[in-house]
Amino acid sequence: MTDGINDRRGVLRRRVSQSLIELAGGAIRGIDTPTQVISFVGGDDQLPQRHARLVIDLCLRAGEAMLATGASAADVVATVLRISDAYGISAMHVDITFTSITVSIHRGMNEDPMSVMRIVRVRTTDYTRLQDVYLLIDEIAGQDSPVDVDDARERLTSILTSPHPYRRWVVTAGKAILASGVVVMFNVSFVLVLVAAASAIISDVITRRLGKWSVPGFFAQMAAAVATTSIAVFIFWLRSVGIELPGSNQPTVIVIAGIIMLLSGIGLTASARDAIDGYYVTATARGMEVLMLTLGLAVGISLVLGAALRMGVPVTVATSLGDGISLVPGVVGSTLIGVGFALTSYMRLRLVPLTATAAGLVFAVYSVVLPLAPQPGLAPGIAGAAAGVIGYFTYRWLKVPEGAMTMAGIIALIPGLAVYRALYGFMDSEYAVTEALPAMVVALATGIGLAAGTTIGGFAARRTFGLDHQAMLAARRTRGAR
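Taken in order, the sequence shown gives residues 5 to 486; the numbers are from the numbering used here.
If you want it as structure tokens, here you go:
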């Protein structure tokens, strides 16, 4: 009798213990699907092969055009997925490695998968072409019934082969205006403004000619830097022998204008955004390209400065330039820089006033913030965030490429003076590294601040005011929980 009671009590305890364990397990056990599905079964097994090939070709060519003109990897992937979704393909995979783009479709267990890779051979800045691509993609993905895929391919071909909105000499004039704007920021004489414009034209002719000869970008940058720095050194030499041009008391600004004109700010910004978005291979490749082009610029300037100093030419960093720029000359100069950048980037002429306004506004933000945030890179980062917000809104409202307005806003803040001071300190002192290190840190902090600020500003605006529904769905498929 006693044994039976003990057995029932033991069974009851075990049941209670199992119930408690199940209750605890139910409280912590996951019941929903994972946040990010590692792999999904393709649902395109009934897709006609011709339709799939046409869509893949359209996606590849649109993605190549965006990547070649400086769009970030995340934007390219999201755009390609928007196109594929619009044409009924839900199992597309996109892979980007800076120099190539690969698109694959898993067509289920009964059909062979389809994968096509396209090499990105061209690196250019043509925002008119990129804007037209964006408009076509919005027309494809923004309607219940997308444009016929054959018609879309023909229209994309027409966009990519259409002539530029203006002739090449207008681009050269834009570079002269950009360099002039840099000089105006430092509130110097009209003579130096003209000299800076002339040096920009010479640099453009050199780089364009070397590009036609297929000379690597490193050497083209070096040759352009040699030409620009030689003009400044020549003015220094004239002053040393008693021949002084009227108003040419600060030749340093000519080199600074050349640095800002030749520095690869677009690549730096795109590289930072790719890294933040998780596309580390593409970010590394972009960063290496920026590094090599900047090294070519540094080598060219260093060669001329070193030769001038050894020949006894009194080249100096004019202390009157200071570390700050007054508000009015800065805004005027930045506005000219915005005009020059728009022309050099083949933006439509009706958008030139918009880029000029954006550049002036961003510099005004920088001037207001600088006294409150004097730490290296902080004020440029805040100004870069403002540029990112402006870039997003102009894209949403006018379909102007986001990178175009963002870069137009920050190009006036590229640390040309800090780079020049670092190179000069490296060439002029026996304690080269010690002398150059502070200016190098300032230049690096400014560049990182600008790149990070533009990325953060664009991201904040995107999350606050929202992309359209299709773009958000596509963006979610490009990244997931880590």
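All C-beta atoms, glycine included, are put in the ideal place defined by N, C-alpha and C.
Rounded to whole angstroms, what's the CA-CA distance from residue i to residue j? Just pull it up for me.
i, j, result
"glutamate 406", "aspartate 281", "16 Å"
"glycine 146", "aspartate 278", "26 Å"
"alanine 156", "alanine 77", "22 Å"
"threonine 398", "serine 104", "29 Å"
"valine 175", "threonine 129", "11 Å"
"leucine 347", "alanine 180", "10 Å"
"phenylalanine 469", "lysine 216", "44 Å"
"leucine 182", "valine 197", "10 Å"
"valine 107", "glutamate 68", "11 Å"
"arginine 171", "isoleucine 341", "20 Å"
"glycine 74", "cysteine 63", "17 Å"
"proline 442", "glycine 420", "14 Å"
"proline 380", "threonine 165", "44 Å"
"leucine 154", "serine 162", "Correcting the residue type first, residue 154 is aspartate in the shown sequence and not leucine. For aspartate 154 and serine 162, the distance between alpha carbons rounds to 12 Å."
"glutamine 225", "alanine 416", "19 Å"
"valine 336", "valine 369", "14 Å"
"leucine 353", "valine 332", "25 Å"
How far does the alpha helix (DSSP H) with residue i in it extend, from its first residue to its last?
i, result
"aspartate 3", "With the chain represented from 5 up to 486, any question about residue 3 goes unanswered, as that position is not in the structure."
"aspartate 130", "Taken as a continuous stretch (DSSP letters only), aspartate 130 belongs to no alpha helix (DSSP H), as it is neither H nor E."
"phenylalanine 223", "221-244"
"methionine 70", "53-72"
"phenylalanine 190", "It is not in any alpha helix (DSSP H) - phenylalanine 190 carries neither H nor E in the DSSP assignment."
"leucine 313", "284-314"
"isoleucine 527", "A query on residue 527 cannot be resolved here, the shown segment of the chain reaching from 5 to 486 and no further."
"isoleucine 263", "256-266"
Do residue i and residue j have their C-beta atoms within less than 9 Å of each other?
i, j, result
"proline 255", "valine 237", "yes"
"serine 338", "glycine 185", "yes"
"leucine 365", "valine 373", "no"
"phenylalanine 190", "valine 257", "yes"
"alanine 311", "threonine 359", "no"
"alanine 289", "phenylalanine 102", "yes"
"asparagine 253", "serine 203", "no"
"isoleucine 418", "threonine 450", "yes"
"glycine 453", "proline 378", "no"
"glycine 59", "isoleucine 100", "Before going on, a small fix: residue 59 reads as valine here, not glycine. In this structure, isoleucine 100 does not lie closer than 9 Å to valine 59 by Cβ."
"valine 199", "isoleucine 239", "yes"
"threonine 355", "leucine 301", "Checking the sequence, you will find leucine at residue 355 rather than threonine. Not in contact: leucine 355 and leucine 301 (Cβ atoms no closer than 9 Å)."
"glutamate 462", "glycine 413", "The amino acid occupying residue 462 in the given sequence is glycine; glutamate does not appear at that position. No, the pair does not count as a contact, with Cβ atoms beyond the cut-off."
"leucine 249", "valine 187", "no"
"leucine 523", "phenylalanine 222", "What is shown of the chain runs 5 to 486, which leaves residue 523 out entirely."
"isoleucine 210", "alanine 228", "yes"
"aspartate 61", "valine 98", "no"
"isoleucine 144", "alanine 201", "no"
Over the uninterrupted beta strand (DSSP E) stretch that includes residue i, give me the two end residues.
i, result
"methionine 121", "118-123"
"threonine 106", "104-109"
"aspartate 79", "From DSSP, aspartate 79 is part of no beta strand (DSSP E) but of the alpha helix (DSSP H) over 77-90."
"methionine 96", "96-100"
Excluding the 5 residues preceding and the 5 following residue i in the sequence, name in chain order all residues of the same chain whose CB lies nearer than 6 Å to its CB.
i, result
"isoleucine 123", "Ser104"
"threonine 233", "Val259, Ile305, Val308"
"valine 126", "Ala72"
"glycine 291", "Ser275"
"threonine 410", "Ala391, Gly392, Gly395, Thr458"
"leucine 139", "Lys403"
"leucine 242", "none"
"histidine 168", "Tyr350"
"isoleucine 386", "Val373"
Ignore the nearest five residues each way along the sequence and tell me which others in residue i's own chain have a CB closer than 7 Å to its CB.
i, result
"methionine 351", "Tyr131, Thr132, Thr359, Ala408"
"proline 318", "Phe240, Ser244"
"isoleucine 141", "Ala66, Thr83, Arg86, Ile87"
"glycine 334", "Met189, Phe367, Ser371"
"valine 446", "Pro380, Pro419, Ala422"
"alanine 177", "Leu347"
"threonine 286", "Ala77, Ile100, Thr101, Phe102, Asp278"
"valine 151", "Glu143, Ile144"
Less than 8 Å between C-beta atoms, sequence neighbours within five positions excluded: which residues of the same chain meet that for residue i?
i, result
"methionine 70", "Asp79, Val80, Thr83, Leu134, Val137"
"leucine 427", "Ala302, Ile305, Ser306, Leu309, Ala440"
"tyrosine 284", "Asp278"
- [ ] Could I get the ranges of all uninterrupted alpha helix (DSSP H) runs contained in the region 335-423, with 4 residues as the minimum, in chain order?
- [x] 356-373, 382-402, 406-414
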